[in-house]
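The block underneath contains the structure these notes are about, expressed in structure tokens.
Residue numbers (the numbering used here): 41 to 115.
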């Protein structure tokens, strides 16, 4: 390889490694909105309640199936 090709490859690899780091840095220092809005607590509580209605029975089924299977099998 010629020295120019090697230098171009180094530059390209350096830029490829630096691009995600710059993007991450921009996300870290994103500015917040200057206006303060009140929280919509009704919407938030409704969302959390619907998540809990799925989570607890689902986890009960996922963790309790061996007990249910043993009761069905009569062991």
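Every residue, glycine too, gets a C-beta built ideally from N, C-alpha and C.
DSSP state of residue i mapped onto helix, strand, coil
{"i": "residue 157", "result": "Any question about residue 157 goes unanswered here, given that the chain covers just 41 to 115."}
{"i": "residue 41", "result": "coil"}
{"i": "residue 63", "result": "helix"}
{"i": "residue 52", "result": "helix"}
{"i": "residue 79", "result": "coil"}
{"i": "residue 100", "result": "helix"}
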